[in-house]
Amino acid sequence: MHIEQPEKTARSTRMTRLFGKPLRGLFPIAAHPVEDTRRLHQEIHDFALGGITLFWQRQGIYVGAGFLCGFYFSWSLAAFCYLFIQATDLFDNSICYKVINRTDHSLRHSQRLLRGLSLSNALSAASIATFILLLARLEGPGQHFMSLFFLFAAGLFAAVNNHQLTQILGLRLITYGVIFIYIPVSDILAQGASFDSKLWLHFATALFVLYFVLECSTIFLRMYQRTLDQMDELRAERDKAREGYELKSQFVSVVSHELRTPLTSITGSLTLLRETDLAKNPDSASRMLEIAHKNSKRLSKLINDLLDIQKMEARKMVYHFAPVDLGQLIHDAAQSITPYADQFEIVVRTAPPPQPLTVRGDNERLMQVLDNLLSNAVKFSHSGGYIELGARLEGGCAILEVRDYGIGVPPESSHLIFDKFQQVDTSDSRKFDGSGLGLSIAQQIIEDHGAAIDFESTLGEGSRFFAIFPLCDTEQDISIELPQSPAQQDA
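Under our numbering, the first residue of the sequence shown carries the number 671, and numbering increases by one thereafter.
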(Lines of atoms letter the chains of each structure in order from A and count residues from 1; the text may use other names and numbers.)
(Lines give C-alpha, C1' and ligand atoms only; values in the text may rest on other atoms or scores of the structure.)
Protein backbone atom coordinates (compact mmCIF):
# COMPACT_ATOMS: atom_id res chain seq x y z
CA MET A 1 0.00 0.00 0.00
CA HIS A 2 1.34 3.41 -0.97
CA ILE A 3 -0.26 6.12 1.14
CA GLU A 4 1.72 9.16 2.22
CA GLN A 5 0.67 12.15 4.30
CA PRO A 6 2.77 15.23 3.51
CA GLU A 7 2.47 18.44 5.49
CA LYS A 8 -0.47 20.64 4.64
CA THR A 9 0.49 23.43 2.25
CA ALA A 10 -1.39 26.69 1.71
CA ARG A 11 -3.22 26.74 -1.60
CA SER A 12 -5.51 29.48 -2.86
CA THR A 13 -9.04 28.49 -3.79
CA ARG A 14 -11.05 30.39 -6.31
CA MET A 15 -14.34 30.74 -4.47
CA THR A 16 -15.80 33.10 -7.01
CA ARG A 17 -15.17 30.67 -9.82
CA LEU A 18 -16.85 27.85 -7.93
CA PHE A 19 -20.00 29.81 -7.22
CA GLY A 20 -19.81 31.78 -10.46
CA LYS A 21 -22.32 29.60 -12.29
CA PRO A 22 -25.23 30.01 -9.84
CA LEU A 23 -24.46 33.68 -9.32
CA ARG A 24 -24.49 34.29 -13.07
CA GLY A 25 -27.98 32.83 -13.15
CA LEU A 26 -29.17 35.32 -10.49
CA PHE A 27 -27.22 38.33 -11.73
CA PRO A 28 -26.66 37.97 -15.49
CA ILE A 29 -23.77 39.90 -16.97
CA ALA A 30 -24.77 42.77 -19.21
CA ALA A 31 -23.87 41.11 -22.47
CA HIS A 32 -25.60 40.00 -25.64
CA PRO A 33 -26.37 36.29 -25.43
CA VAL A 34 -26.47 34.19 -28.55
CA GLU A 35 -30.29 34.34 -28.69
CA ASP A 36 -30.33 38.16 -28.63
CA THR A 37 -27.64 38.34 -31.30
CA ARG A 38 -29.56 35.93 -33.51
CA ARG A 39 -32.79 37.88 -33.04
CA LEU A 40 -31.11 41.21 -33.84
CA HIS A 41 -29.72 39.65 -37.02
CA GLN A 42 -33.19 38.38 -37.95
CA GLU A 43 -34.88 41.73 -37.26
CA ILE A 44 -32.35 43.68 -39.33
CA HIS A 45 -32.62 41.20 -42.18
CA ASP A 46 -36.44 41.27 -42.19
CA PHE A 47 -36.45 45.08 -42.07
CA ALA A 48 -34.00 45.38 -44.95
CA LEU A 49 -35.81 42.77 -47.03
CA GLY A 50 -39.08 44.61 -46.54
CA GLY A 51 -37.45 47.90 -47.50
CA ILE A 52 -36.12 46.50 -50.77
CA THR A 53 -39.40 44.73 -51.58
CA LEU A 54 -41.42 47.94 -51.12
CA PHE A 55 -39.02 50.16 -53.11
CA TRP A 56 -41.23 50.54 -56.18
CA GLN A 57 -44.36 50.90 -54.08
CA ARG A 58 -42.76 53.86 -52.32
CA GLN A 59 -41.74 55.32 -55.68
CA GLY A 60 -45.35 55.27 -56.80
CA ILE A 61 -46.43 57.02 -53.60
CA TYR A 62 -43.74 59.69 -54.01
CA VAL A 63 -44.65 60.36 -57.64
CA GLY A 64 -48.36 60.62 -56.85
CA ALA A 65 -47.86 62.92 -53.89
CA GLY A 66 -45.42 65.09 -55.87
CA PHE A 67 -47.82 65.38 -58.80
CA LEU A 68 -50.75 66.42 -56.59
CA CYS A 69 -48.60 68.96 -54.76
CA GLY A 70 -47.27 70.41 -58.01
CA PHE A 71 -50.65 70.54 -59.82
CA TYR A 72 -52.58 72.21 -56.99
CA PHE A 73 -49.88 74.19 -55.19
CA SER A 74 -46.28 74.52 -56.46
CA TRP A 75 -44.25 72.56 -58.98
CA SER A 76 -40.98 73.95 -57.57
CA LEU A 77 -41.87 72.75 -54.06
CA ALA A 78 -42.93 69.38 -55.43
CA ALA A 79 -39.66 68.99 -57.36
CA PHE A 80 -37.50 70.01 -54.40
CA CYS A 81 -39.23 67.71 -51.93
CA TYR A 82 -39.35 64.84 -54.42
CA LEU A 83 -35.58 65.02 -54.99
CA PHE A 84 -34.91 65.34 -51.24
CA ILE A 85 -37.08 62.31 -50.46
CA GLN A 86 -35.56 60.33 -53.34
CA ALA A 87 -32.02 61.00 -52.10
CA THR A 88 -32.81 59.76 -48.59
CA ASP A 89 -34.75 56.76 -49.94
CA LEU A 90 -31.87 55.70 -52.20
CA PHE A 91 -29.46 56.03 -49.28
CA ASP A 92 -31.77 53.87 -47.16
CA ASN A 93 -32.03 51.34 -50.00
CA SER A 94 -28.24 51.10 -50.25
CA ILE A 95 -28.01 50.27 -46.51
CA CYS A 96 -30.70 47.60 -46.96
CA TYR A 97 -28.69 45.98 -49.75
CA LYS A 98 -25.63 45.94 -47.46
CA VAL A 99 -27.70 44.08 -44.87
CA ILE A 100 -29.00 41.52 -47.37
CA ASN A 101 -25.57 40.88 -48.92
CA ARG A 102 -23.60 40.86 -45.69
CA THR A 103 -20.94 38.22 -45.09
CA ASP A 104 -19.96 39.29 -41.58
CA HIS A 105 -22.63 38.07 -39.14
CA SER A 106 -20.94 39.24 -35.95
CA LEU A 107 -22.78 41.26 -33.32
CA ARG A 108 -20.52 44.27 -33.87
CA HIS A 109 -21.29 44.34 -37.60
CA SER A 110 -25.03 43.96 -36.90
CA GLN A 111 -24.89 46.96 -34.57
CA ARG A 112 -23.02 48.95 -37.21
CA LEU A 113 -25.69 48.14 -39.79
CA LEU A 114 -28.40 49.05 -37.29
CA ARG A 115 -26.81 52.45 -36.81
CA GLY A 116 -26.73 52.90 -40.58
CA LEU A 117 -30.40 51.99 -40.91
CA SER A 118 -31.28 54.35 -38.06
CA LEU A 119 -29.46 57.22 -39.77
CA SER A 120 -31.01 56.57 -43.19
CA ASN A 121 -34.51 56.32 -41.74
CA ALA A 122 -33.99 59.44 -39.65
CA LEU A 123 -33.11 61.32 -42.85
CA SER A 124 -36.07 59.77 -44.67
CA ALA A 125 -38.47 60.75 -41.89
CA ALA A 126 -36.99 64.26 -41.86
CA SER A 127 -37.47 64.64 -45.63
CA ILE A 128 -41.12 63.55 -45.41
CA ALA A 129 -41.70 65.86 -42.42
CA THR A 130 -40.17 68.77 -44.38
CA PHE A 131 -42.49 68.09 -47.31
CA ILE A 132 -45.55 67.98 -45.03
CA LEU A 133 -44.62 71.21 -43.22
CA LEU A 134 -44.02 73.15 -46.46
CA LEU A 135 -47.24 71.80 -47.95
CA ALA A 136 -49.19 72.74 -44.79
CA ARG A 137 -47.88 76.33 -45.05
CA LEU A 138 -49.10 76.59 -48.64
CA GLU A 139 -52.51 75.19 -47.68
CA GLY A 140 -53.14 77.86 -45.10
CA PRO A 141 -54.76 77.73 -41.62
CA GLY A 142 -57.49 75.13 -41.23
CA GLN A 143 -57.00 73.75 -44.75
CA HIS A 144 -54.66 70.83 -44.02
CA PHE A 145 -56.63 67.89 -45.37
CA MET A 146 -53.97 66.97 -47.95
CA SER A 147 -50.92 67.46 -45.71
CA LEU A 148 -52.43 65.65 -42.71
CA PHE A 149 -53.71 62.81 -44.91
CA PHE A 150 -50.21 62.38 -46.40
CA LEU A 151 -48.83 62.42 -42.85
CA PHE A 152 -51.40 59.83 -41.76
CA ALA A 153 -50.45 57.63 -44.73
CA ALA A 154 -46.75 57.93 -43.85
CA GLY A 155 -47.43 56.97 -40.22
CA LEU A 156 -49.61 54.02 -41.19
CA PHE A 157 -47.02 52.87 -43.74
CA ALA A 158 -44.37 52.93 -41.00
CA ALA A 159 -46.63 51.02 -38.60
CA VAL A 160 -47.27 48.29 -41.15
CA ASN A 161 -43.80 47.98 -42.65
CA ASN A 162 -41.24 49.22 -40.08
CA HIS A 163 -42.30 47.15 -37.05
CA GLN A 164 -39.28 44.82 -37.26
CA LEU A 165 -37.00 47.35 -35.55
CA THR A 166 -38.67 49.13 -32.64
CA GLN A 167 -36.07 51.92 -32.49
CA ILE A 168 -36.64 52.87 -36.13
CA LEU A 169 -40.42 52.56 -35.82
CA GLY A 170 -40.29 54.76 -32.72
CA LEU A 171 -38.08 57.30 -34.50
CA ARG A 172 -40.51 57.63 -37.42
CA LEU A 173 -43.62 57.75 -35.22
CA ILE A 174 -42.13 60.41 -32.94
CA THR A 175 -41.20 62.51 -35.96
CA TYR A 176 -44.63 62.18 -37.56
CA GLY A 177 -46.40 62.59 -34.20
CA VAL A 178 -44.65 65.90 -33.54
CA ILE A 179 -45.78 67.19 -36.96
CA PHE A 180 -49.31 65.85 -36.37
CA ILE A 181 -49.57 68.00 -33.25
CA TYR A 182 -47.57 70.98 -34.52
CA ILE A 183 -49.74 71.73 -37.57
CA PRO A 184 -53.10 72.19 -35.77
CA VAL A 185 -51.48 73.77 -32.70
CA SER A 186 -49.68 76.35 -34.86
CA ASP A 187 -53.00 77.23 -36.49
CA ILE A 188 -54.65 77.67 -33.10
CA LEU A 189 -51.86 79.91 -31.85
CA ALA A 190 -51.66 81.91 -35.08
CA GLN A 191 -55.41 82.53 -35.18
CA GLY A 192 -55.91 82.82 -31.42
CA ALA A 193 -58.80 80.43 -31.82
CA SER A 194 -61.36 79.99 -29.06
CA PHE A 195 -62.54 76.58 -27.88
CA ASP A 196 -65.63 76.68 -30.09
CA SER A 197 -63.46 77.08 -33.22
CA LYS A 198 -63.14 74.20 -35.67
CA LEU A 199 -59.36 74.52 -35.33
CA TRP A 200 -59.69 72.82 -31.95
CA LEU A 201 -61.76 70.12 -33.65
CA HIS A 202 -58.92 69.63 -36.13
CA PHE A 203 -56.51 69.34 -33.20
CA ALA A 204 -58.69 66.73 -31.47
CA THR A 205 -59.04 64.81 -34.73
CA ALA A 206 -55.28 64.85 -35.20
CA LEU A 207 -54.86 63.38 -31.70
CA PHE A 208 -57.42 60.67 -32.50
CA VAL A 209 -55.68 59.76 -35.75
CA LEU A 210 -52.31 59.76 -34.00
CA TYR A 211 -53.69 57.35 -31.38
CA PHE A 212 -55.01 55.10 -34.16
CA VAL A 213 -51.59 55.01 -35.84
CA LEU A 214 -49.89 54.19 -32.52
CA GLU A 215 -52.40 51.41 -31.84
CA CYS A 216 -51.79 49.90 -35.29
CA SER A 217 -48.06 50.06 -34.67
CA THR A 218 -48.46 48.22 -31.39
CA ILE A 219 -50.57 45.50 -32.99
CA PHE A 220 -48.13 44.85 -35.82
CA LEU A 221 -45.17 45.00 -33.44
CA ARG A 222 -46.73 42.41 -31.12
CA MET A 223 -47.59 40.14 -34.04
CA TYR A 224 -44.03 40.28 -35.31
CA GLN A 225 -42.51 39.70 -31.87
CA ARG A 226 -44.88 36.77 -31.32
CA THR A 227 -43.74 35.29 -34.63
CA LEU A 228 -40.11 35.62 -33.59
CA ASP A 229 -40.88 33.99 -30.24
CA GLN A 230 -42.52 31.06 -32.01
CA MET A 231 -39.51 30.74 -34.29
CA ASP A 232 -37.22 30.72 -31.25
CA GLU A 233 -39.34 28.01 -29.63
CA LEU A 234 -39.24 25.90 -32.78
CA ARG A 235 -35.48 26.42 -33.02
CA ALA A 236 -35.07 25.41 -29.36
CA GLU A 237 -37.14 22.26 -29.91
CA ARG A 238 -35.07 21.45 -32.98
CA ASP A 239 -31.83 21.92 -31.04
CA LYS A 240 -33.19 19.82 -28.18
CA ALA A 241 -34.14 17.03 -30.59
CA ARG A 242 -30.73 17.23 -32.25
CA GLU A 243 -29.02 17.16 -28.86
CA GLY A 244 -31.08 14.14 -27.85
CA TYR A 245 -30.17 12.37 -31.08
CA GLU A 246 -26.47 13.12 -30.58
CA LEU A 247 -26.69 11.96 -26.95
CA LYS A 248 -28.36 8.75 -28.08
CA SER A 249 -25.61 8.20 -30.66
CA GLN A 250 -22.96 8.81 -28.01
CA PHE A 251 -24.75 6.44 -25.65
CA VAL A 252 -24.90 3.66 -28.23
CA SER A 253 -21.26 4.19 -29.23
CA VAL A 254 -19.90 4.32 -25.69
CA VAL A 255 -22.00 1.51 -24.28
CA SER A 256 -21.33 -0.79 -27.23
CA HIS A 257 -17.59 -0.18 -26.89
CA GLU A 258 -17.60 -0.54 -23.12
CA LEU A 259 -19.65 -3.73 -23.30
CA ARG A 260 -17.80 -5.37 -26.18
CA THR A 261 -14.33 -5.37 -24.62
CA PRO A 262 -15.18 -6.90 -21.20
CA LEU A 263 -17.67 -9.35 -22.72
CA THR A 264 -15.04 -10.53 -25.18
CA SER A 265 -12.56 -11.03 -22.34
CA ILE A 266 -15.09 -12.86 -20.17
CA THR A 267 -16.20 -15.07 -23.05
CA GLY A 268 -12.60 -15.87 -23.97
CA SER A 269 -11.69 -16.68 -20.37
CA LEU A 270 -14.69 -18.95 -19.89
CA THR A 271 -13.99 -20.69 -23.19
CA LEU A 272 -10.42 -21.42 -22.18
CA LEU A 273 -11.55 -22.64 -18.78
CA ARG A 274 -14.03 -24.98 -20.42
CA GLU A 275 -11.47 -26.37 -22.84
CA THR A 276 -8.51 -26.54 -20.44
CA ASP A 277 -7.68 -29.31 -18.01
CA LEU A 278 -7.67 -27.28 -14.79
CA ALA A 279 -5.84 -29.98 -12.85
CA LYS A 280 -2.83 -29.84 -15.19
CA ASN A 281 -2.68 -26.02 -15.47
CA PRO A 282 -4.00 -24.35 -12.29
CA ASP A 283 -2.02 -21.12 -12.84
CA SER A 284 -3.66 -20.53 -16.21
CA ALA A 285 -7.09 -21.21 -14.73
CA SER A 286 -6.43 -18.73 -11.93
CA ARG A 287 -5.34 -16.08 -14.45
CA MET A 288 -8.43 -16.66 -16.59
CA LEU A 289 -10.67 -16.33 -13.53
CA GLU A 290 -8.95 -13.09 -12.56
CA ILE A 291 -9.52 -11.63 -16.05
CA ALA A 292 -13.18 -12.66 -16.00
CA HIS A 293 -13.63 -11.21 -12.50
CA LYS A 294 -11.99 -7.92 -13.45
CA ASN A 295 -14.13 -7.46 -16.54
CA SER A 296 -17.32 -8.47 -14.77
CA LYS A 297 -16.64 -5.68 -12.24
CA ARG A 298 -16.13 -3.30 -15.15
CA LEU A 299 -19.50 -4.32 -16.59
CA SER A 300 -21.13 -3.95 -13.20
CA LYS A 301 -19.75 -0.41 -12.81
CA LEU A 302 -21.02 0.59 -16.24
CA ILE A 303 -24.51 -0.74 -15.49
CA ASN A 304 -24.55 0.97 -12.08
CA ASP A 305 -23.51 4.27 -13.71
CA LEU A 306 -26.31 3.98 -16.26
CA LEU A 307 -28.82 3.20 -13.52
CA ASP A 308 -27.61 6.18 -11.47
CA ILE A 309 -27.96 8.50 -14.48
CA GLN A 310 -31.48 7.22 -15.07
CA LYS A 311 -32.41 7.77 -11.42
CA MET A 312 -30.99 11.28 -11.43
CA GLU A 313 -32.83 12.26 -14.60
CA ALA A 314 -36.05 10.84 -13.15
CA ARG A 315 -35.36 12.58 -9.80
CA LYS A 316 -35.54 9.21 -8.07
CA MET A 317 -32.13 9.17 -6.40
CA VAL A 318 -32.38 8.43 -2.67
CA TYR A 319 -29.85 9.84 -0.18
CA HIS A 320 -29.34 8.87 3.47
CA PHE A 321 -28.01 12.08 4.95
CA ALA A 322 -26.02 11.94 8.16
CA PRO A 323 -22.92 13.66 9.59
CA VAL A 324 -19.84 12.55 7.61
CA ASP A 325 -16.32 13.04 8.94
CA LEU A 326 -14.13 14.09 6.00
CA GLY A 327 -10.97 12.77 7.64
CA GLN A 328 -12.43 9.26 7.84
CA LEU A 329 -13.89 9.62 4.34
CA ILE A 330 -10.46 10.48 2.95
CA HIS A 331 -8.87 7.52 4.71
CA ASP A 332 -11.51 5.08 3.41
CA ALA A 333 -11.33 6.44 -0.14
CA ALA A 334 -7.52 6.19 -0.19
CA GLN A 335 -7.65 2.61 1.06
CA SER A 336 -10.22 1.74 -1.59
CA ILE A 337 -8.34 3.27 -4.55
CA THR A 338 -4.86 2.04 -3.61
CA PRO A 339 -5.10 -1.42 -5.27
CA TYR A 340 -6.16 0.25 -8.51
CA ALA A 341 -3.40 2.87 -8.20
CA ASP A 342 -0.80 0.12 -7.62
CA GLN A 343 -1.55 -1.26 -11.08
CA PHE A 344 -0.33 2.03 -12.57
CA GLU A 345 2.50 2.51 -10.05
CA ILE A 346 0.79 5.61 -8.69
CA VAL A 347 1.24 6.73 -5.08
CA VAL A 348 -1.81 8.03 -3.21
CA ARG A 349 -0.95 10.87 -0.85
CA THR A 350 -3.51 12.08 1.66
CA ALA A 351 -3.75 15.35 3.53
CA PRO A 352 -6.51 14.93 6.14
CA PRO A 353 -7.77 18.09 7.86
CA PRO A 354 -5.83 19.02 11.03
CA GLN A 355 -9.14 19.47 12.87
CA PRO A 356 -12.33 17.38 12.52
CA LEU A 357 -14.47 18.49 9.58
CA THR A 358 -18.03 17.22 9.45
CA VAL A 359 -20.46 17.70 6.58
CA ARG A 360 -24.02 16.52 6.11
CA GLY A 361 -24.08 13.90 3.40
CA ASP A 362 -24.59 10.35 2.23
CA ASN A 363 -21.35 8.53 3.04
CA GLU A 364 -21.81 5.92 0.31
CA ARG A 365 -22.53 8.51 -2.38
CA LEU A 366 -19.61 10.70 -1.31
CA MET A 367 -17.39 7.62 -1.54
CA GLN A 368 -18.73 7.14 -5.06
CA VAL A 369 -17.76 10.72 -5.92
CA LEU A 370 -14.23 10.27 -4.58
CA ASP A 371 -13.90 6.93 -6.33
CA ASN A 372 -14.75 8.59 -9.66
CA LEU A 373 -12.39 11.51 -9.06
CA LEU A 374 -9.54 9.35 -7.79
CA SER A 375 -9.85 6.74 -10.56
CA ASN A 376 -9.71 9.55 -13.14
CA ALA A 377 -6.70 11.06 -11.39
CA VAL A 378 -4.92 7.70 -11.47
CA LYS A 379 -5.94 6.94 -15.05
CA PHE A 380 -4.67 10.23 -16.43
CA SER A 381 -1.46 10.40 -14.37
CA HIS A 382 1.98 9.35 -15.53
CA SER A 383 3.26 5.99 -14.34
CA GLY A 384 5.45 6.35 -11.26
CA GLY A 385 3.81 9.61 -10.20
CA TYR A 386 1.44 10.42 -7.38
CA ILE A 387 -1.99 11.90 -6.73
CA GLU A 388 -3.21 13.88 -3.73
CA LEU A 389 -6.43 13.65 -1.73
CA GLY A 390 -7.14 16.13 1.02
CA ALA A 391 -9.58 18.35 2.86
CA ARG A 392 -9.33 21.61 4.76
CA LEU A 393 -11.36 24.41 6.28
CA GLU A 394 -11.49 27.64 4.31
CA GLY A 395 -13.87 30.58 4.50
CA GLY A 396 -16.17 28.71 6.87
CA CYS A 397 -16.61 25.87 4.38
CA ALA A 398 -15.08 22.43 4.01
CA ILE A 399 -12.94 21.98 0.89
CA LEU A 400 -12.52 18.43 -0.43
CA GLU A 401 -10.06 18.12 -3.32
CA VAL A 402 -8.30 15.61 -5.56
CA ARG A 403 -5.17 16.63 -7.47
CA ASP A 404 -3.12 14.86 -10.10
CA TYR A 405 -0.04 15.82 -12.12
CA GLY A 406 -0.94 14.06 -15.34
CA ILE A 407 -1.96 15.11 -18.83
CA GLY A 408 -4.44 17.81 -17.81
CA VAL A 409 -7.56 19.00 -19.61
CA PRO A 410 -7.31 20.89 -22.92
CA PRO A 411 -8.85 24.38 -22.64
CA GLU A 412 -11.18 23.71 -25.57
CA SER A 413 -12.64 20.69 -23.73
CA SER A 414 -13.05 22.27 -20.29
CA HIS A 415 -16.71 23.20 -20.85
CA LEU A 416 -17.54 19.55 -21.64
CA ILE A 417 -15.84 18.01 -18.63
CA PHE A 418 -19.05 17.40 -16.64
CA ASP A 419 -21.22 16.43 -19.62
CA LYS A 420 -22.49 12.89 -20.13
CA PHE A 421 -20.44 10.51 -22.29
CA GLN A 422 -17.61 13.06 -22.58
CA GLN A 423 -13.90 12.41 -22.12
CA VAL A 424 -10.79 14.50 -22.52
CA ASP A 425 -10.21 14.72 -26.26
CA THR A 426 -6.47 14.45 -26.73
CA SER A 427 -4.36 11.93 -28.56
CA ASP A 428 -3.03 10.55 -25.30
CA SER A 429 -6.47 10.02 -23.79
CA ARG A 430 -7.85 7.82 -26.54
CA LYS A 431 -6.18 4.77 -25.03
CA PHE A 432 -8.13 5.18 -21.76
CA ASP A 433 -11.37 3.33 -21.22
CA GLY A 434 -14.41 4.80 -19.53
CA SER A 435 -18.06 5.57 -20.13
CA GLY A 436 -17.73 9.33 -19.65
CA LEU A 437 -20.43 9.27 -16.96
CA GLY A 438 -18.33 9.46 -13.79
CA LEU A 439 -17.88 13.23 -13.59
CA SER A 440 -21.48 13.92 -14.58
CA ILE A 441 -22.66 11.62 -11.77
CA ALA A 442 -20.20 13.20 -9.33
CA GLN A 443 -21.42 16.70 -10.16
CA GLN A 444 -25.06 15.75 -9.66
CA ILE A 445 -24.36 14.04 -6.33
CA ILE A 446 -22.39 17.03 -5.06
CA GLU A 447 -25.12 19.48 -6.11
CA ASP A 448 -27.78 17.29 -4.46
CA HIS A 449 -25.76 17.71 -1.24
CA GLY A 450 -26.17 21.48 -1.44
CA ALA A 451 -22.48 21.80 -2.38
CA ALA A 452 -20.63 22.76 -5.55
CA ILE A 453 -17.85 21.17 -7.57
CA ASP A 454 -15.37 22.71 -10.00
CA PHE A 455 -11.90 22.10 -11.34
CA GLU A 456 -8.66 23.77 -12.36
CA SER A 457 -6.38 22.29 -14.97
CA THR A 458 -3.26 23.08 -16.95
CA LEU A 459 -2.58 21.04 -20.05
CA GLY A 460 0.45 18.82 -19.48
CA GLU A 461 0.70 19.68 -15.78
CA GLY A 462 -2.36 18.08 -14.20
CA SER A 463 -5.78 18.85 -12.79
CA ARG A 464 -7.37 19.72 -9.46
CA PHE A 465 -11.00 18.86 -8.76
CA PHE A 466 -12.51 20.35 -5.62
CA ALA A 467 -15.87 20.53 -3.88
CA ILE A 468 -17.07 23.04 -1.29
CA PHE A 469 -19.43 21.86 1.44
CA PRO A 470 -21.19 23.79 4.18
CA LEU A 471 -20.20 22.55 7.61
CA CYS A 472 -22.61 20.35 9.54
CA ASP A 473 -23.38 20.54 13.27
CA THR A 474 -26.39 18.21 13.35
CA GLU A 475 -26.62 14.49 13.93
CA GLN A 476 -29.98 14.01 12.30
CA ASP A 477 -30.16 11.02 9.93
CA ILE A 478 -32.58 11.59 7.07
CA SER A 479 -33.42 9.68 3.90
CA ILE A 480 -34.46 11.90 1.03
CA GLU A 481 -35.98 10.98 -2.31
CA LEU A 482 -35.72 13.87 -4.75
CA PRO A 483 -39.13 15.16 -5.98
CA GLN A 484 -40.47 14.13 -9.33
CA SER A 485 -41.35 16.59 -12.07
CA PRO A 486 -45.08 17.30 -12.68
CA ALA A 487 -44.99 15.26 -15.91
CA GLN A 488 -43.57 12.27 -14.03
CA GLN A 489 -46.18 12.60 -11.29
CA ASP A 490 -48.96 12.57 -13.88
CA ALA A 491 -47.45 9.47 -15.45
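The beta carbon of each residue, even a glycine, is placed where N, CA and C say it ideally should be.
Cβ of residue 1139 within 7 angstroms of Cβ of residue 1029?
-> Within the sequence shown, the letter at position 469 stands for residue 1139. Within the sequence shown, the letter at position 359 stands for residue 1029. Yes; because the gap between Cβ atoms is below 7 angstroms, this pair is in contact.
Using 10 angstroms around the beta-carbon of residue 1074, count the other beta-carbons present and answer buried if the total reaches 16, otherwise exposed.
-> The residue given as residue 1074 occupies position 404 in the sequence shown. So residue 1074 counts as buried.
Answer yes or no: do residue 1115 and residue 1039 have a C-beta to C-beta separation smaller than 7 angstroms?
-> For this step, residue 1115 is matched to residue 445 along the sequence shown. For this step, residue 1039 is matched to residue 369 along the sequence shown. Yes.
Go through its chain and collect everything with a Cβ distance to residue 692's Cβ below 7 angstroms, but skip five positions before and after it.
-> Looking up residue 692 in the sequence shown gives position 22. Here the model assigns residue 692 a pLDDT of 37, short of 50, so the residue's position is not dependable, and the following value carries that caveat. Result list for residue 692: empty, nothing under 7 angstroms.
Rounded to whole angstroms, how far is the Cβ of residue 712 from the Cβ of residue 898, which I believe are closer than 8 angstroms?
-> To locate residue 712, count along the sequence shown from 1; it is residue 42. To locate residue 898, count along the sequence shown from 1; it is residue 228. Contact holds; Cβ gap of about 7 angstroms.
Which residue or residues does DSSP assign as beta-bridge partners of residue 1136?
-> What you label residue 1136 is simply residue 466 of the sequence shown in a count that begins at 1. Beta-bridge pairing by DSSP links residue 1136 to 1071 and 1124.
Counting pairs of Cβ atoms below 8 angstroms between the stretch 745-760 and the stretch 799-817, do you hit three or more?
-> yes
What does DSSP give as the partner residues of residue 993 in its beta bridges?
-> Indexing the sequence shown from 1 puts residue 993 at position 323. Residue 993 pairs with 1030.
Cβ-Cβ separation, residue 975 to residue 835 (assumed contact under 8 angstroms), whole Å = On the sequence shown, residue 835 is found 165 positions in, with the first residue counted as 1. On the sequence shown, residue 975 is found 305 positions in, with the first residue counted as 1. With 8 angstroms as the limit, residue 835 and residue 975 do not qualify as a contact, their Cβ atoms being about 50 angstroms apart.
By Cβ distance below 7 angstroms, which residues in the same chain neighbour residue 875 in space, the five residues on each side in sequence not counted?
-> The residue labelled residue 875 in the question sits at position 205 within the sequence shown. Around residue 875: no qualifying Cβ.
Determine, using beta carbons only, whether residue 1080 and residue 1043 come nearer to each other than 7 angstroms.
-> Your numbering for residue 1080 matches position 410 in the sequence shown. Your numbering for residue 1043 matches position 373 in the sequence shown. No, Cβ-Cβ distance for residue 1080 and residue 1043 is not below 7 angstroms.
What does a CB cutoff of less than 7 angstroms around residue 829 pick up in its chain, not counting 5 residues either side in sequence?
-> Taking the sequence shown and counting its residues from 1, one reaches residue 829 at position 159. Cβ within range, chain order: 883, 886, 887 and 890.
CA-CA distance, residue 1060 and residue 972?
-> Sequence index remark: in the sequence shown, residue 1060 carries index 390 (1-based). Sequence index remark: in the sequence shown, residue 972 carries index 302 (1-based). Rounded to the nearest angstrom, the two C-alpha atoms are 27 angstroms apart.
For residue 914 and residue 961, the rounded distance between their alpha carbons | Within the sequence shown, numbered from 1, the residue matching residue 961 stands at position 291. Within the sequence shown, numbered from 1, the residue matching residue 914 stands at position 244. Straight-line Cα distance between these residues: approximately 36 angstroms.
Return the first residue and the last residue of the alpha helix (DSSP H) that residue 809 is part of.
-> Within the sequence shown, numbered from 1, the residue matching residue 809 stands at position 139. Per DSSP, the unbroken alpha helix (DSSP H) holding residue 809 starts and ends at 777-809.
What is the C-beta distance between residue 1019 and residue 1071, in whole angstroms, given that I count them as a contact (C-beta under 8 angstroms)?
-> Locating residue 1019 in the sequence shown gives position 349, counting from the first residue. Locating residue 1071 in the sequence shown gives position 401, counting from the first residue. Not really, about 12 angstroms apart at Cβ, beyond 8 angstroms.
In or out: residue 833 buried (at least 16 other Cβ within 10 Å) or exposed?
-> If you number the sequence shown from 1, residue 833 lands on position 163. It is buried - the Cβ of residue 833 has at least 16 other Cβ atoms within 10 Å.
Measure the Cβ-Cβ separation of residue 853 and residue 806 and say whether it is below 7 angstroms.
-> Mapped onto the sequence shown, residue 853 falls at position 183. Mapped onto the sequence shown, residue 806 falls at position 136. Cβ distance < 7 angstroms, so residue 853 and residue 806 count as in contact.
Counting pairs of beta carbons, one from the stretch 837-845 and one from the stretch 785-795, are three or more of them closer than 8 angstroms?
-> yes
Residue 831 beta carbon less than 7 angstroms from that of residue 736 = For the purposes of this step, residue 736 is identified with residue 66 of the sequence shown, where counting begins at 1. For the purposes of this step, residue 831 is identified with residue 161 of the sequence shown, where counting begins at 1. Between residue 736 and residue 831, the gap from beta carbon to beta carbon reaches 7 angstroms or more.
Using a Cβ-Cβ cut-off of 7 angstroms (strictly less than) and excluding sequence neighbours within five positions of residue 965, which residues of its own chain qualify?
-> Numbered from its first residue, the sequence shown carries residue 965 at position 295. 932, 935 and 936.
Can you tell which of 992, 988 and 1048 has the C-alpha that lies nearest to the C-alpha of residue 1031?
-> In the sequence shown, residue 1031 corresponds to position 361, counting from 1. Of the listed residues, the one whose Cα sits closest to residue 1031 is 992.
Supposed close pair residue 969, residue 1027 - CB separation, criterion 8 angstroms | For the purposes of this step, residue 969 is identified with residue 299 of the sequence shown, where counting begins at 1. For the purposes of this step, residue 1027 is identified with residue 357 of the sequence shown, where counting begins at 1. With 8 angstroms as the limit, residue 969 and residue 1027 do not qualify as a contact, their Cβ atoms being about 36 angstroms apart.
In the DSSP assignment, what residue or residues form a beta bridge with residue 892?
-> As a working note, residue 892 is residue 222 in the sequence shown. The partner list for residue 892 (beta bridge, DSSP) is empty, contrary to what the question assumes.
Cutoff 7 angstroms; reference residue 645; Cβ partners in own chain excluding five residues on either side = The question about residue 645 has no answer here: the residues shown for the chain are numbered 671 through 1161.
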